[in-house]
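Chains as they are written, first to last, in this note's numbering: chain A, 607 to 719; chain B, 18 to 133.
Where a beta carbon is used, it is the ideal one built from N, C-alpha and C, also for glycine.
Shown next, in structure tokens, is the structure this report addresses.
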Amino acid sequence: GENVEQHPSTLSVQEGDSAVIKCTYSDSASNYFPWYKQELGKRPQLIIDIRSNVGEKKDQRIAVTLNKTAKHFSLHITETQPEDSAVYFCAASINTNAGKSTFGDGTTLTVKP
Amino acid sequence: NAGVMQNPRHLVRRRGQEARLRCSPMKGHSHVYWYRQLPEEGLKFMVYLQKENIIDESGMPKERFSAEFPKEGPSILRIQQVVRGDSAAYFCASTDNRVISYNEQFFGPGTRLTVL
């Protein structure tokens, strides 16, 4: 089955700096890669996703890149703010027949003011 | 359009009791996924259901755990004879999974199960 690894497990940055979180996946059939943000005690919420036919996607301060050959994808947050502090999860899934998502173990991001 | 609903939000059970967790998917969604999240850990897939069918239960323990998604009503995750190790947050997610759309999953608020 699919295996997703996420690094680092914790990340601390100064407000205004950039943060990068990286994930690798094992199943070359995976074609959908969402990123979720989970604040303490709350539900995971989708912040950005990327399909396998796209190499990069941006949404304001957030961007995601995908390297299908190397089977890795990354989340980039620029100009970080304290409210970006949360746990971030990457996931990989296969679109055919609504396959389950396999999640990384999460990255706890702390943005220091 | 109401989002994914889960109840109860918090559930306390003593060892040996049964826990029933309910999930109502978003309107129009017929696919439900259950995930378990242990404290300070990631989301682990348990089971994927469509109406009246279990599609993939590869992540669900073979004993004590069962899930259903009846034709009418919410999806139910049932844990019999709970043990302390079952204490976790249980999230469900739903998707409409049309052929032309990717399976973006929408999560419910979770049920936090505490086993005393």
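Nearest C-alpha to L130 (chain B) among A:Y642, A:G647 and A:T716: A:G647. Annotation: E608 (chain A) to V132 (chain B) spans about 31 angstroms, alpha carbon to alpha carbon. Using a Cβ-Cβ distance cut-off of 8 angstroms, the region 81 to 96 of chain B and the region 59 to 66 of chain B are in contact, since at least three pairs of beta carbons, one from each stretch, lie closer than that value. Close partners of G59 (chain B) in chain A (Cβ separation under 7 angstroms): F695, F709, G710, D711 and G712. Here the region 622 to 631 of chain A does not lie against the region 68 to 82 of chain B, with fewer than 3 beta-carbon pairs under 8 angstroms apart. Looking at the DSSP output, S699 (chain A) bridges to A:Y638.
Annotation: the continuous beta strand (DSSP E) that includes K61 (chain B) extends over L60 to Q67.
Contact with chain B is absent for L617 (chain A), since none of that chain's Cβ atoms lies less than 8 angstroms from the residue's Cβ. Taking the Cα of N70 (chain B) as reference, the smallest distance to any Cα among B:K88, B:R53, B:G76 and B:E57 is reached at B:K88. A residue is called buried once 16 or more other Cβ atoms fall within 10 Å of its Cβ, and H48 (chain B) is buried on that count.
If you draw a straight line from the Cα of Q34 (chain B) to the Cα of R95 (chain B), it is about 11 angstroms long.
Classified as exposed, T616 (chain A) has fewer than 16 neighbouring CB atoms from the shown chains inside 10 Å of its CB.
D690 (chain A) carries a helical assignment under DSSP once its states are collapsed to helix, strand and coil. No Cβ of chain B is located within less than 8 angstroms of the beta carbon of D665 (chain A).
Between G20 (chain B) and F123 (chain B), the C-beta spacing is below 8 angstroms. Segment contact: the region 97 to 113 of chain B against the region 25 to 43 of chain B, three or more CB-CB distances shorter than 8 angstroms; contact assigned. A residue is called buried when at least 16 other Cβ atoms come within 10 angstroms of its Cβ; G712 (chain A) meets this threshold and is buried.
Within a 10 Å sphere around the beta-carbon of G127 (chain B) sit 16 or more other beta-carbons, which makes this residue buried. In the structure shown, D113 (chain B) falls within a coil segment according to DSSP collapsed to helix, strand and coil.
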